[in-house]
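Asker:
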Amino acid sequence: MKKILEAIEKLGCGVSFDEDFASLDKVLGDIELSDDEISALKSGDRAQLEQLLGTRSKIVCMLVPAKDDDDEDQDSDDKGDDKDSGESNIVVNF
Amino acid sequence: MVEKDGGLVFVGTGILLGGHMTPRAREYITNADIVFMSVSSGIMEAWISDMNQDVRSLQVFYKEEVSRKETYNSMVNAILSEVRDGKRVCCVLYGHPGVFAYVSHRAIELARNEGFTAKMEPGISAEDCLVADLGIDPGKYGCQQYEATQFMLYQRKIDPSAYLILWQIGVAGDISLKKLETKSSHRKILLELLSEHYPDDHEVIVYEASSLPLSKTRIEKIPLNHLIDIKLHDYSTLVIPPSLPLSINSRVEEKLRQFSY
Chain A
1 MKKILEAIEK
11 LGCGVSFDED
21 FASLDKVLGD
31 IELSDDEISA
41 LKSGDRAQLE
51 QLLGTRSKIV
61 CMLVPAKDDD
71 DEDQDSDDKG
81 DDKDSGESNI
91 VVNF
Chain B
1 MVEKDGGLVF
11 VGTGILLGGH
21 MTPRAREYIT
31 NADIVFMSVS
41 SGIMEAWISD
51 MNQDVRSLQV
61 FYKEEVSRKE
71 TYNSMVNAIL
81 SEVRDGKRVC
91 CVLYGHPGVF
101 AYVSHRAIEL
111 ARNEGFTAKM
121 EPGISAEDCL
131 VADLGIDPGK
141 YGCQQYEATQ
151 FMLYQRKIDP
161 SAYLILWQIG
171 VAGDISLKKL
181 ETKSSHRKIL
191 LELLSEHYPD
201 DHEVIVYEAS
211 SLPLSKTRIE
221 KIPLNHLIDI
231 KLHDYSTLVI
241 PPSLPLSINS
251 RVEEKLRQFS
261 Y
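Right, dumping it as structure tokens:
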């Protein structure tokens with residue numbers, strides 16, 4: 001696992017350190033990070049973290065209510081017409 | 001029906017990366033033959049990819065000019081194809097895998113119909129974070145919640161004596177289902193709708209859960225009529241506290257009192 005991911009996971013589990021930057025070093029322990037990585041972690045800068053990790057920055061995430069059988073039948077009739085389906089939009093963070 | 005080889009489980013990541021995933025979810029991810037994921041960020045994708053040798057992102061199914069229904073059914077087919085092949089498949093979704101998630105419910109239903117073991121593990125949802133961060137007890141006054149655009153499009157009976165939570169307020173009114181942000185003109189229509197039930201200066205809360213350790217939770221209290229101009233994101237949530245006190249249903253109360261002697 002990349003060190004920065006290890007650090008994020010450790011911080012995520014560090015139940016008493018969320019707002020205590022002074023304790024950051026103690027939480028991270030032996031995980032050696034660059035100044036940029038520490039800065040991104042402290043600021044919670046998602047874009048910078050994604051850049052440092054080289055991961056994709058644009059994500060589409062499902063946010064659609066589940067449907068019952070009646071909705072399914074209706075969708076068959078209105079194929080491709082999202083407006084009438086009662087579905088929600090494609091977004092992130094749910 | 002005899003259960004076949006192959007199985008399916010949906011698990012959630014929770015909201016806070018690194019902190020909310022349950023031990024059971026992690027165990028399923030680690031031990032699965034194949035892991036599919038649809039999560040909230042590239043960081044989370046990278047984190048999950050380290051947990052199993054065969055992790056596949058469902059992002060590849062999102063394409064322009066392809067209807068979402070087709071996209072989701074392609075995801076379901078890809079997942080079920082591996083289950084039918086006798087694989088133990090784990091699908092990882094952001095937050096709670098069963099909340100606002102067509103793919104999980106549909107895939108589990110189809111897998112079970114075909115005789116496979118299929119189940120869902122609960123995860124920490126945005127609603128769970130909201131309750132904790134805002135100090136709201138949904139049981140105190142009751143709570144209604146809707147996806148914002150769905151709330152606008154369909155006839156609803158709003159109860160101003162209960163909490164009202166509107167998800168995805170930043171894309172409220174987007175009936176094209178393609179935008180990641182809507183304009184103030186869309187929100188103006190939402191405000192008109194809400195103003196039928198709440199005073200313009202009623203205090204509401206814009207909420208955004210923290211998804212990274214050390215990042216800040218957004219809890220911004222504003223008058224309802226400021227909703228049009230405030231900066232929102234696709235993941236912003238609007239929380240409207242009750243504007244009216246609870247009102248006794250005297251008819252029912254009278255009937256119930258007959259039993260309490």
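Line by line, the protein sequences are chains A and B. Last residue of the first sequence: 94 (full-length UniProt numbering), numbering continuous. Last residue of the second sequence: 261 (full-length UniProt numbering), numbering continuous. Even for Gly, the Cβ is constructed at its ideal location relative to N, Cα and C. Because the structure is a prediction, the values reported are computed rather than measured.
Mapping DSSP to helix, strand and coil, what is B/Ser-260?
Answerer: As a working note, residue 260 of chain B is residue 260 in the second sequence. B/Ser-260: coil per DSSP, three-state reduction.
Asker: For B/Val-103 and B/Thr-30, I'd like the C-alpha separation in whole angstroms.
Answerer: For this step, residue 103 of chain B is matched to residue 103 along the second sequence. For this step, residue 30 of chain B is matched to residue 30 along the second sequence. Cα-Cα distance, rounded: 21 Å.
Asker: To the nearest angstrom, report how far apart B/Lys-188 and B/Ile-228 are at their CA atoms.
Answerer: Taking the second sequence and counting its residues from 1, one reaches residue 188 of chain B at position 188. Taking the second sequence and counting its residues from 1, one reaches residue 228 of chain B at position 228. Taking the straight line from one Cα to the other gives about 6 Å.
Asker: Quick check on DSSP: helix, strand or coil for B/Phe-36?
Answerer: Position 36 of the second sequence, counted from the first residue, corresponds to residue 36 of chain B. Secondary structure at B/Phe-36: strand, using DSSP grouped into helix, strand and coil.
Asker: A/Glu-32: buried (16+ other C-beta within 10 angstroms of its C-beta) or exposed?
Answerer: Here residue 32 of chain A refers to the residue found at position 32 of the first sequence. When all chains shown are included, A/Glu-32 counts as exposed.
Asker: Applying a beta-carbon distance threshold of less than 8 Å, which residues of chain B neighbour A/Leu-5?
Answerer: Here residue 5 of chain A corresponds to residue number 5 of the first sequence, with the count starting at 1. Within 8 Å Cβ-Cβ: Ile-43, Ala-46, Trp-47 and Asp-50.
Asker: What do you reckon, are the CB atoms on B/Val-39 and B/Val-92 nearer than 8 Å?
Answerer: Taking the second sequence and counting its residues from 1, one reaches residue 39 of chain B at position 39. Taking the second sequence and counting its residues from 1, one reaches residue 92 of chain B at position 92. Yes.
Asker: Bridge partners of B/Lys-119, per DSSP?
Answerer: Within the second sequence, numbered from 1, the residue matching residue 119 of chain B stands at position 119. Under DSSP, B/Lys-119 shares a beta bridge with B/Val-9.
Asker: Among the candidates B/Phe-10, B/Tyr-163, B/Lys-216 and B/Val-206, whose CA atom is the shortest distance from the CA of B/Ile-222?
Answerer: Residue numbering aside, residue 222 of chain B sits at position 222 when the second sequence is read from its first letter. Taking only the C-alpha atoms, the option nearest B/Ile-222 is B/Val-206.
Asker: Is the Cβ of A/Lys-42 closer than 8 Å to any Cβ of chain B?
Answerer: Taking the first residue of the first sequence as 1, we reach residue 42 of chain A at position 42. Cβ-Cβ to chain B under 8 Å: yes for A/Lys-42.
Asker: At a CB-CB cut-off below 7 Å, which residues of chain B make contact with A/Gly-12?
Answerer: Position 12 of the first sequence, counted from the first residue, corresponds to residue 12 of chain A. Neighbours of A/Gly-12 on chain B, chain order: Leu-16, Leu-17, Gly-18, Gly-19 and Pro-213.
Asker: For the structure I just gave you, are there three or more beta carbon pairs, one from the region 151 to 162 of chain B and one from the region 207 to 226 of chain B, closer than 8 Å?
Answerer: no
Asker: Give the DSSP bridge partners of B/Pro-166, in chain order.
Answerer: Reading the second sequence from its first residue, position 166 is the one you call residue 166 of chain B. Reading off the sequence shown, one finds Leu at residue 166 of chain B, where the question assumed Pro. Looking at the DSSP output, B/Leu-166 sits in a beta bridge with B/Tyr-146 and B/Leu-238.
Asker: Pull up the CB-CB distance for B/Ser-211 and B/Ile-15, whole angstroms please, since I reckon it's below 8 Å.
Answerer: One-based indexing of the second sequence puts residue 211 of chain B at position 211. One-based indexing of the second sequence puts residue 15 of chain B at position 15. About 6 Å separates the two Cβ atoms, so the contact holds.
Asker: At least one CB of chain B closer than 8 Å to the CB of A/Ile-8: is that the case?
Answerer: Position 8 of the first sequence, counting from 1, holds the residue named residue 8 of chain A. It does: the Cβ of A/Ile-8 has a partner Cβ on chain B nearer than 8 Å.
Asker: If you follow the alpha helix (DSSP H) that A/Ser-39 is in, where does it begin and where does it stop?
Answerer: On the first sequence, position 39 is the one that residue 39 of chain A refers to. 35 to 43 is the span of the alpha helix (DSSP H), which, as asked, contains A/Ser-39.
Asker: Go ahead and pull the three-state DSSP assignment for residue 315 of chain B.
Answerer: Missing from the structure shown is residue 315 of chain B; chain B here goes from 1 to 261 and no further.
Asker: So the beta strand (DSSP E) B/Ile-219 belongs to, where does it begin and stop?
Answerer: One-based indexing of the second sequence puts residue 219 of chain B at position 219. Secondary structure note for B/Ile-219: its beta strand (DSSP E) is the uninterrupted segment 218 to 223.
Asker: Measuring only the C-alpha atoms, how far is B/Ala-126 from B/Gly-139?
Answerer: Translated into positions along the second sequence, residue 126 of chain B becomes position 126. Translated into positions along the second sequence, residue 139 of chain B becomes position 139. If you take the alpha carbons of B/Ala-126 and B/Gly-139, they lie about 17 Å apart.
Asker: Which class does B/Arg-56 belong to by DSSP, given the choice of helix, strand or coil?
Answerer: As a first step, residue 56 of chain B must be located in the second sequence, where it is residue number 56. Correct three-state label for B/Arg-56: strand.
Asker: Mind checking the region 216 to 231 of chain B against chain A and listing, in chain order, the residues whose C-beta falls within less than 8 Å of any C-beta there?
Answerer: Lys-216
Asker: Here's the rule I'm using: 16 or more other beta-carbon atoms within 10 Å means buried, otherwise exposed. How should B/Phe-259 be labelled?
Answerer: Start at 1 with the first residue of the second sequence, and residue 259 of chain B comes out as number 259. Exposed.
Asker: May I ask you to list the residues that DSSP assigns as paired with B/Arg-88?
Answerer: On the second sequence, position 88 is the one that residue 88 of chain B refers to. Answer is B/Gly-7, bridged to B/Arg-88.
Asker: Determine the extent of the beta strand (DSSP E) in which B/Ile-136 is found, giving its start and end residues.
Answerer: The count along the second sequence starts at 1 and reaches residue 136 of chain B at position 136. Note, B/Ile-136: premise wrong, no beta strand (DSSP E); not H, not E.
Asker: If we ignore side chains and look at the alpha-carbon of each, how far apart do B/Tyr-62 and B/Thr-71 end up?
Answerer: The sequence position of residue 62 of chain B within the second sequence is 62, counting from 1. The sequence position of residue 71 of chain B within the second sequence is 71, counting from 1. Rounded to the nearest angstrom, the two C-alpha atoms are 6 Å apart.
Asker: Since B/His-96 and B/Gly-135 should fall inside the 8 Å C-beta cutoff, what is the C-beta to C-beta distance between them, to a whole number of angstroms?
Answerer: Taking the second sequence and counting its residues from 1, one reaches residue 96 of chain B at position 96. Taking the second sequence and counting its residues from 1, one reaches residue 135 of chain B at position 135. By a beta-carbon distance limit of 8 Å, B/His-96 does not contact B/Gly-135. Their separation comes to about 21 Å.
Asker: If the cut is a Cβ gap below 9 Å, which residues of chain B does A/Asp-33 touch?
Answerer: Counting from 1 along the first sequence, the entry for residue 33 of chain A is found at position 33. The sequence shown places Leu at residue 33 of chain A, not Asp. Ordered by position in chain B, no residue passes the 9 Å Cβ test against A/Leu-33, which lies about 13 Å from the chain.
Asker: To the nearest angstrom, how far is it from the Cα of B/Met-21 to the Cα of B/Ile-48?
Answerer: Start at 1 with the first residue of the second sequence, and residue 21 of chain B comes out as number 21. Start at 1 with the first residue of the second sequence, and residue 48 of chain B comes out as number 48. Taking the straight line from one Cα to the other gives about 11 Å.
Asker: Against A/Lys-37, what residues of chain B qualify as contacts under a CB-to-CB distance less than 9 Å, listed in chain order?
Answerer: Here the question's residue 37 of chain A lines up with position 37 in the first sequence. What sits at residue 37 of chain A in the sequence shown is Glu, not Lys. Near A/Glu-37 there are no residues of chain B at all, since even the closest Cβ is about 12 Å away, more than 9 Å.
Asker: Excluding sequence positions up to five away, which residues of its chain have a Cβ less than 7 Å from the Cβ of A/Leu-28?
Answerer: The count along the first sequence starts at 1 and reaches residue 28 of chain A at position 28. Contacts found: Ala-7 and Lys-10.
Asker: Using three-state DSSP, classify B/Tyr-102 as helix, strand or coil.
Answerer: As a first step, residue 102 of chain B is located in the second sequence; it is residue number 102 there, counting from the start. Helix.
Asker: Show which residues of chain B have a CB atom less than 8 Å away from the CB atom of A/Leu-49.
Answerer: Within the first sequence, the letter at position 49 stands for residue 49 of chain A. Under the 8 Å cutoff, chain B gives Ile-43 and Leu-212.
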